[in-house]
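Okay, so here's the structure we're looking at.
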Amino acid sequence: LTRLLARSWRIHLDGALPTAPCIVVMWHGEMLPVLATFGPLHSIVLVSPSQDGRILQQLLRDWGHTIVEGSSSRGGKEALEQLVALAPENIILIT
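To convert, count from 1 in the sequence shown and add 23; that's this note's numbering.
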(Lines of atoms letter the chains of each structure in order from A and count residues from 1; the text may use other names and numbers.)
(Lines give C-alpha, C1' and ligand atoms only; values in the text may rest on other atoms or scores of the structure.)
Protein backbone atom coordinates (compact mmCIF):
# COMPACT_ATOMS: atom_id res chain seq x y z
CA LEU A 1 0.00 0.00 0.00
CA THR A 2 2.80 2.44 0.83
CA ARG A 3 4.51 1.78 -2.49
CA LEU A 4 1.27 2.58 -4.30
CA LEU A 5 0.92 5.75 -2.25
CA ALA A 6 4.53 6.72 -2.97
CA ARG A 7 3.97 6.33 -6.71
CA SER A 8 1.15 8.87 -6.52
CA TRP A 9 3.41 11.62 -5.12
CA ARG A 10 4.72 14.31 -7.43
CA ILE A 11 8.11 15.25 -6.08
CA HIS A 12 10.07 18.18 -7.47
CA LEU A 13 13.77 18.45 -6.70
CA ASP A 14 15.77 21.64 -7.12
CA GLY A 15 18.91 19.98 -8.40
CA ALA A 16 19.85 16.33 -8.19
CA LEU A 17 19.76 13.85 -5.35
CA PRO A 18 23.10 13.81 -3.53
CA THR A 19 25.58 11.14 -4.48
CA ALA A 20 28.28 12.11 -1.99
CA PRO A 21 28.04 11.53 1.75
CA CYS A 22 25.83 14.11 3.46
CA ILE A 23 23.27 14.61 6.22
CA VAL A 24 19.67 15.32 5.21
CA VAL A 25 17.37 16.79 7.84
CA MET A 26 13.58 16.79 7.38
CA TRP A 27 10.41 17.66 9.25
CA HIS A 28 8.34 14.75 10.56
CA GLY A 29 5.41 15.83 8.37
CA GLU A 30 7.58 15.56 5.24
CA MET A 31 9.17 12.28 6.24
CA LEU A 32 7.49 9.69 3.99
CA PRO A 33 8.04 11.45 0.64
CA VAL A 34 11.66 12.21 1.53
CA LEU A 35 12.33 8.66 2.69
CA ALA A 36 10.69 7.21 -0.43
CA THR A 37 12.79 9.47 -2.65
CA PHE A 38 16.06 8.54 -0.95
CA GLY A 39 15.31 4.78 -0.79
CA PRO A 40 17.22 3.87 -3.97
CA LEU A 41 20.33 5.54 -2.51
CA HIS A 42 20.44 3.04 0.39
CA SER A 43 20.62 5.80 2.99
CA ILE A 44 21.09 5.41 6.73
CA VAL A 45 18.00 6.52 8.72
CA LEU A 46 17.78 7.33 12.42
CA VAL A 47 14.55 5.81 13.78
CA SER A 48 13.03 5.77 17.26
CA PRO A 49 13.09 2.48 19.19
CA SER A 50 9.39 2.98 20.00
CA GLN A 51 6.59 0.72 18.78
CA ASP A 52 5.74 3.25 16.03
CA GLY A 53 9.42 3.40 15.14
CA ARG A 54 9.54 -0.37 14.68
CA ILE A 55 6.67 -0.19 12.19
CA LEU A 56 8.54 2.53 10.29
CA GLN A 57 11.73 0.46 10.37
CA GLN A 58 10.13 -2.37 8.40
CA LEU A 59 8.85 0.04 5.76
CA LEU A 60 12.26 1.68 5.47
CA ARG A 61 14.03 -1.66 5.09
CA ASP A 62 11.57 -2.53 2.30
CA TRP A 63 12.50 0.77 0.62
CA GLY A 64 16.23 -0.04 0.82
CA HIS A 65 17.36 1.96 3.85
CA THR A 66 19.64 0.88 6.68
CA ILE A 67 18.36 1.64 10.19
CA VAL A 68 20.14 3.14 13.18
CA GLU A 69 17.86 2.95 16.21
CA GLY A 70 17.84 5.62 18.92
CA SER A 71 16.09 8.66 20.36
CA SER A 72 16.76 11.45 22.82
CA SER A 73 15.46 9.27 25.67
CA ARG A 74 16.57 5.75 24.60
CA GLY A 75 19.85 4.81 22.97
CA GLY A 76 20.66 8.30 21.73
CA LYS A 77 24.36 8.26 22.61
CA GLU A 78 24.92 4.91 20.90
CA ALA A 79 22.91 6.00 17.86
CA LEU A 80 24.96 9.19 17.56
CA GLU A 81 28.19 7.18 17.76
CA GLN A 82 26.95 4.88 14.98
CA LEU A 83 25.91 7.82 12.79
CA VAL A 84 29.26 9.55 13.27
CA ALA A 85 31.05 6.34 12.26
CA LEU A 86 28.81 5.85 9.19
CA ALA A 87 28.65 9.50 8.06
CA PRO A 88 31.94 9.72 6.10
CA GLU A 89 30.72 7.23 3.48
CA ASN A 90 26.90 7.42 3.60
CA ILE A 91 23.86 9.61 3.21
CA ILE A 92 22.28 10.06 6.65
CA LEU A 93 18.59 10.97 7.06
CA ILE A 94 17.22 12.37 10.33
CA THR A 95 14.16 14.31 11.52
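Yeah, the Cβ is synthetic: ideal placement off N, Cα and C, and Gly gets one too. Only a predicted model underlies this, so the values are computations on that prediction, with no experimental measurement involved.
Top-ranked residue by Cα proximity to residue i, from the options
i: Ala59; options: Gly98, Ser96 and Arg33; result: Arg33
i: Leu64; options: Gln81, Leu82, Arg77 and Ala43; result: Ala43
i: Ser96; options: Pro72, Gln105 and Leu109; result: Pro72
i: Ile30; options: Leu55, Glu101, Ala102 and Glu104; result: A quick correction: the sequence has Arg, not Ile, at residue 30. For the residues Leu55, Glu101, Ala102 and Glu104, the minimum Cα distance to Arg30 belongs to Leu55.
Where the beta strand (DSSP E) through residue i begins and ends
i: Glu101; result: Taken as a continuous stretch (DSSP letters only), Glu101 belongs to no beta strand (DSSP E), being part of the alpha helix (DSSP H) at Gly99 to Leu109.
i: Glu92; result: Thr89 to Glu92
i: Leu40; result: Note, Leu40: premise wrong, no beta strand (DSSP E); not H, not E.
i: Ile114; result: Ile114 to Ile117
i: Ile46; result: Cys45 to Val48
Opening and closing residue of the alpha helix (DSSP H) in which residue i lies
i: Ile78; result: Gln74 to Asp85
i: Leu58; result: Met54 to Phe61
Neighbourhood of residue i by C-beta, 7 angstroms cutoff - its chain only, sequence neighbours within 5 removed
i: Gly62; result: Trp86, Gly87 and His88
i: Cys45; result: Ile114
i: Pro111; result: Pro44
Beta-bridge partners of residue i, as assigned by DSSP
i: Ile67; result: Thr89 and Ile115
Same chain, Cβ closer than 8 angstroms to residue i, five either side skipped, listed in chain order
i: Trp50; result: Thr118
i: Val47; result: Pro41, Val57, Phe61, Ser66, Ile114, Ile115, Leu116 and Ile117
Chain-order list of residues whose beta-carbon lies under 6 angstroms from that of residue i (same chain, five-residue window excluded)
i: Leu79; result: Val70
request  = Decide yes or no for the touch test of the segment 25-45 against the segment 88-101: beta carbon pairs closer than 8 angstroms, at least 3 of them.
outcome  = no
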